[in-house]
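Undergrad: Starting off with a structure, shown below.
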């Protein structure tokens, strides 16, 4: 009778509870995992074997196997495995109760199937939690899994008895009104004692998709596979796109912040998809934050692989923040394929350093592997060197508003890569409002020895400008290549560098016809406090710096800063185009070794100001090294355009061993205050010096404060020194009317008597006369007219003939005087007064 009563009672409880009552020996196991009765006779069975719990049974539909639980937890040290019937590809399990799932021990699958754990209330992985499976793993707090082909869902909240199940593949996750959180604290160690945390099989997918997602010191590892973190708001839907090795989670390109929740990686969290084939990491949330030296890492170890997709993709609808030594890193074998880092964020903040002084940042570089060692003894390249896929990493950042980077200047990507070569790809950052790098932060691409650096570009969307770009406190943008330095391009409304910040492109070995360049297009550009923009190359050509602002409103200002190019080869030029240009205790310079020197060109509309500053070019035997200060719009009247002013020991100087070394100044006016000790110099140590060609307005006063002579620093004079060359002062042709001079221009009583022309020949008393027109007066009154003073263009101006009155003789003017009102009058006779001077 007792046995009959037991069977009857058990039958009324349901199949799932029959199995539990018969095979679970202890209450502790029952409290960890509780099977519900929603699958009827196809419910799950729990069996204790060899110290672990095996989950058998379930509802099989084709390659899918469904399990349903009221509670699902794994205690510390406990091992729970799903059995994997032959032919089953995906095991889907749901939790229909009201409690979250705590996975503190081992969760596995006895076979190659992938595992899905669905609990809308939340899922927690403890510090010793681990996965033991060959396939992929998806933990989600969605309310249901969709099978769109059959219009069926496997729901944890809308229960049917029995539910409609399907043989089709799962295609999406539907979230409810309050998605639970997913937390991973797992730092479980591998047999080699390295902390791997939660790990899936090689080339498989490890996905955590829920409400808020936190990796609190935990690790996620998918060697050569995929890591997916997604944080979805209420009632959201994401796609499960099946791929080889799991799923690609799709968000329908939804960029609305209201669609997402937050993702946090803290306390040294690590996401690692490194592997022979190179892994993929995708993260999507509203605010994505990495702190406390947390890292997202992937690489490519294989010499050749067919993988061409993005290596790291991070989307933050609002803020992506890397702090306290946190990093995004991609490192590639020199023969690996192109791999991308695609970052999209409204605001990007990178700041601070770890306790070990590791800086925060986004880095791309190359590593050495044993097969990278070049055993060639001659100049023949290795067979793999011509592989068309022998580039590595592209880094792309897209965002709506702000990027803010700051970090430590101790510990950068250069410390983590070897000296073996590897081509790198590009970094593309697109934002709407601001880009900020602070506290030693760096965006950089680096290769070594034999390979090329990629390019770095910062701009707004659709080729528009970023509102503000700023570097401060030793922040830096850089590209460094072995054979070729990459180009840096910035498009912003305002560009500010301060506190020893730097924009640099460098090339340090090899031979190439193309080297790094820096292009900045902005409305305002300002460098202060020892900041620099520089190009450094060891060979090749086309290493240029070009800064452009609007001619009508733009400004370029340097205060205690420098823009320089340095080359042991040649051709490193600087070109500035703006409305106003100002240097204060600053320097613009190009310097080359034995080859052709770089040129320096400033095209401005309104003003060029130098205060205790220098424009200089230096060249070797290849010549070049010219300086040009040019009116931006030559069609304007010169009197309406550019003024140049040198003060406080400023200098414009060229120096070339042989050819080149010329200075062209085409402006309205150039001036220097008396005693400013500012010079314009063109010299060639090995032969005749370069030329200085000054073209100014049509008045004598347009060259103010300068004298010709050998420039001597500290003598207080403002000197134009062309060494053995020629100083040419040219002016536009002017029409001079015929003027008949009377023999007595002024009343005799108005002229002081006995005024001598020159009292002595000291520099303080020598009168200066600037000649206009096409005549050939000598440089000083003491020298005769020489060949060098005569211009070849001696045409007479076109003017109608005039007939002088025969009754009034024409008297030659021999001097001129200025009256009390500043008016000038020509006179025929020199006054004889001893206490005045003719002007």
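Numbering (our numbering), first residue to last: 1067 to 1905. We put the beta carbon where it would ideally sit given N, CA and C, even for glycine.
Can you tell me whether residue 1421 is buried or exposed? The criterion is at least 16 other CB atoms within 10 Å of its CB, across all chains shown.
TA: Here residue 1421 refers to the residue found at position 355 of the chain shown. Residue 1421 is exposed by the Cβ-count criterion.
Undergrad: Within 10 angstroms of the Cβ of residue 1310, are there 16 or more other Cβ atoms? Answer buried if so, exposed if not.
TA: As a working note, residue 1310 is residue 244 in the chain shown. Looking at its Cβ environment, which holds fewer than 16 other Cβ atoms inside 10 Å, residue 1310 is exposed.
Undergrad: Express the C-alpha separation of residue 1570 and residue 1717 in angstroms, rounding to a whole number.
TA: Taking the first residue of the chain shown as 1, we reach residue 1717 at position 651. Taking the first residue of the chain shown as 1, we reach residue 1570 at position 504. Those two C-alpha atoms are separated by around 25 angstroms.
Undergrad: Taking its Cβ as the centre, do 16 or more other Cβ atoms sit within 10 Å of residue 1741, making it buried, or is it exposed?
TA: Position 675 of the chain shown, counted from the first residue, corresponds to residue 1741. The residue in question, residue 1741, is exposed, as its Cβ has fewer than 16 Cβ neighbours within 10 Å.
Undergrad: What is the DSSP secondary structure of residue 1297, counted as helix, strand or coil?
TA: Position 231 of the chain shown, counted from the start, is the residue given in the question as residue 1297. Three-state result, residue 1297: strand.
Undergrad: Jot down the residue ranges of each uninterrupted beta strand (DSSP E) in the stretch 1228 to 1268, minimum 3 residues, whole runs only, in chain order.
TA: Those beta strand (DSSP E) runs which fall completely within the stretch 1228 to 1268 and span 3+ residues are 1238 to 1240 and 1248 to 1250.
Undergrad: Drop a sphere of 10 angstroms on the beta-carbon of residue 1673, count the other beta-carbons inside from all chains shown, and report buried for 16 or more, exposed for fewer.
TA: As a first step, residue 1673 is located in the chain shown; it is residue number 607 there, counting from the start. When all chains shown are included, residue 1673 counts as buried.
Undergrad: Smallest Cα separation from residue 1735: which of 1723, 1743 and 1712?
TA: Numbered from its first residue, the chain shown carries residue 1735 at position 669. It is 1712.
Undergrad: Closest to residue 1534 by C-alpha separation, out of 1546, 1544, 1543 and 1560, would be which residue?
TA: The residue labelled residue 1534 in the question sits at position 468 within the chain shown. Closest by alpha carbon: 1560.
Undergrad: Taking just the CA atoms, how far does residue 1664 sit from residue 1485?
TA: Along the chain shown, read from residue 1 onward, the residue named residue 1485 stands at position 419. Along the chain shown, read from residue 1 onward, the residue named residue 1664 stands at position 598. The predicted model places residue 1485 with a pLDDT of 26, which falls under 50 and marks its position as unreliable; any figure quoted below should be read in that light. Looking at the two C-alpha atoms, the distance is approximately 30 angstroms.
Undergrad: If you drop the 5 nearest sequence neighbours on each side, which residues of the same chain put their C-beta closer than 7 angstroms to that of residue 1307?
TA: Residue 1307 sits at position 241 when you count from the first residue of the chain shown. Contacts found: 1313, 1314 and 1316.
Undergrad: Determine, using beta-carbon pairs with one atom in the stretch 1247 to 1256 and one in the stretch 1217 to 1233, whether at least three such pairs fall under 8 angstroms.
TA: Touching, no, given that fewer than three Cβ pairs across the two stretches are closer than 8 angstroms.
Undergrad: Residue range of the beta strand (DSSP E) that residue 1502 falls in?
TA: Here the question's residue 1502 lines up with position 436 in the chain shown. First-last of the beta strand (DSSP E) with residue 1502: 1500 to 1504.
Undergrad: What are the boundary residues of the beta strand (DSSP E) that includes residue 1960?
TA: What the structure shows of the chain is the stretch from 1067 to 1905, and residue 1960 is not part of that stretch, so it cannot be assessed.
Undergrad: Determine, using beta-carbon pairs with one atom in the stretch 1269 to 1284 and one in the stretch 1210 to 1224, whether at least three such pairs fall under 8 angstroms.
TA: Judged by Cβ distances under 8 angstroms, the stretch 1269 to 1284 makes no contact with the stretch 1210 to 1224, as fewer than three pairs qualify.
Undergrad: Would you kindly check if the distance between the Cβ of residue 1430 and the Cβ of residue 1511 is under 7 angstroms?
TA: Counting from one through the chain shown, the residue named residue 1511 turns up at place 445. Counting from one through the chain shown, the residue named residue 1430 turns up at place 364. The answer is yes: Cβ separation under 7 angstroms.
Undergrad: Mapping DSSP to helix, strand and coil, what is residue 1573?
TA: Locating residue 1573 in the chain shown gives position 507, where the first residue counts as 1. Looking at residue 1573 - three-state DSSP - the assignment turns out to be strand.
Undergrad: Quick one: is residue 1142 buried, meaning 16 or more other Cβ sit within 10 Å of its Cβ, or exposed?
TA: If you number the chain shown from 1, residue 1142 lands on position 76. By the neighbour-count rule (16 or more Cβ atoms within 10 Å), residue 1142 is not buried but exposed.
Undergrad: Taking the C-alpha atoms as reference points, what is the distance between residue 1915 and residue 1151?
TA: Nothing in the structure corresponds to residue 1915, since the chain is present only between 1067 and 1905.
Undergrad: Rounded to the nearest angstrom, what separates residue 1355 and residue 1156 at their Cα positions?
TA: On the chain shown, position 289 is the one that residue 1355 refers to. On the chain shown, position 90 is the one that residue 1156 refers to. Approximately 32 angstroms, taken between the alpha carbons.
Undergrad: State buried or exposed for residue 1127, treating a residue as buried only when at least 16 other CB atoms are found within 10 Å of its CB.
TA: Position 61 of the chain shown, counting from 1, holds the residue named residue 1127. With 16 or more other Cβ atoms within 10 Å, it is buried.
Undergrad: Could you name each continuous alpha helix (DSSP H) segment of 4 residues or more that falls completely within the stretch 1098 to 1154, going from the start of the chain to the end?
TA: Within the stretch 1098 to 1154, no complete alpha helix (DSSP H) run reaches 4 residues.
Undergrad: From this set, 1363, 1320 and 1349, which residue's C-alpha is nearest residue 1338's C-alpha?
TA: Within the chain shown, numbered from 1, the residue matching residue 1338 stands at position 272. Taking only the C-alpha atoms, the option nearest residue 1338 is 1363.
Undergrad: Can you give me the start and stop residues for the beta strand (DSSP E) that residue 1643 sits inside?
TA: For the purposes of this step, residue 1643 is taken as residue 577 along the chain shown, with counting starting at 1. 1640 to 1650 is the span of the beta strand (DSSP E), which, as asked, contains residue 1643.
Undergrad: Should residue 1632 go down as buried or exposed, given a rule of 16 or more other Cβ atoms within 10 Å for buried?
TA: Taking the chain shown and counting its residues from 1, one reaches residue 1632 at position 566. Buried, because 16 or more other Cβ atoms sit within 10 Å of the Cβ of residue 1632.
Undergrad: Please report the residue range of the beta strand (DSSP E) in which residue 1562 lies.
TA: Along the chain shown, one-based indexing puts residue 1562 at 496. First-last of the beta strand (DSSP E) with residue 1562: 1554 to 1563.
Undergrad: Provide the residue(s) that pair with residue 1785 in DSSP beta bridges, ordered along the chain.
TA: The sequence position of residue 1785 within the chain shown is 719, counting from 1. Note: residue 1785 sits in a beta bridge opposite 1773.
Undergrad: Considering only DSSP beta bridges, list what residue 1190 is partnered with.
TA: As a first step, residue 1190 must be located in the chain shown, where it is residue number 124. According to DSSP, which records beta bridges pairwise, residue 1190 is partnered with 1168 and 1249.
Undergrad: Residue 1109: buried (16+ other C-beta within 10 angstroms of its C-beta) or exposed?
TA: To locate residue 1109, count along the chain shown from 1; it is residue 43. Buried, by the Cβ-count rule.
Undergrad: Give the single residue among 1630, 1341, 1343 and 1239 whose Cα lies nearest to the Cα of residue 1304.
TA: Translated into positions along the chain shown, residue 1304 becomes position 238. Comparing Cα positions, the closest option is 1239.
Undergrad: Could you have a look at residue 1213 and say whether DSSP puts it in helix, strand or coil?
TA: Counted from its first residue, the chain shown places residue 1213 at position 147. Residue 1213 falls in the strand class under three-state DSSP.
Undergrad: What is the DSSP secondary structure of residue 1531, counted as helix, strand or coil?
TA: Here residue 1531 corresponds to residue number 465 of the chain shown, with the count starting at 1. Residue state, collapsed to three classes: coil.
Undergrad: Below 8 angstroms on the Cβ atoms is my contact criterion, and I expect residue 1722 with residue 1694 to pass it. Report the Cβ-Cβ distance as a whole number of Å.
TA: Counting from 1 along the chain shown, the entry for residue 1722 is found at position 656. Counting from 1 along the chain shown, the entry for residue 1694 is found at position 628. About 15 angstroms separates the two Cβ atoms, so there is no contact after all.
Undergrad: Would you mind giving the Cβ-Cβ distance between residue 1692 and residue 1720, rounded to the nearest angstrom? I have them listed as a contact below 8 angstroms.
TA: Locating residue 1692 in the chain shown gives position 626, where the first residue counts as 1. Locating residue 1720 in the chain shown gives position 654, where the first residue counts as 1. The Cβ separation is near 6 angstroms, so the contact holds.
Undergrad: With C-beta atoms as the reference, is residue 1627 less than 7 angstroms away from residue 1652?
TA: For the purposes of this step, residue 1627 is identified with residue 561 of the chain shown, where counting begins at 1. For the purposes of this step, residue 1652 is identified with residue 586 of the chain shown, where counting begins at 1. Yes, the Cβ-Cβ distance between residue 1627 and residue 1652 is below 7 angstroms.
Undergrad: Suppose contacts are defined by Cβ-Cβ distances below 7 angstroms. Is residue 1328 in contact with residue 1353 by that definition?
TA: As a position in the chain shown, residue 1328 is number 262, starting the count at 1. As a position in the chain shown, residue 1353 is number 287, starting the count at 1. The answer is yes: Cβ separation under 7 angstroms.
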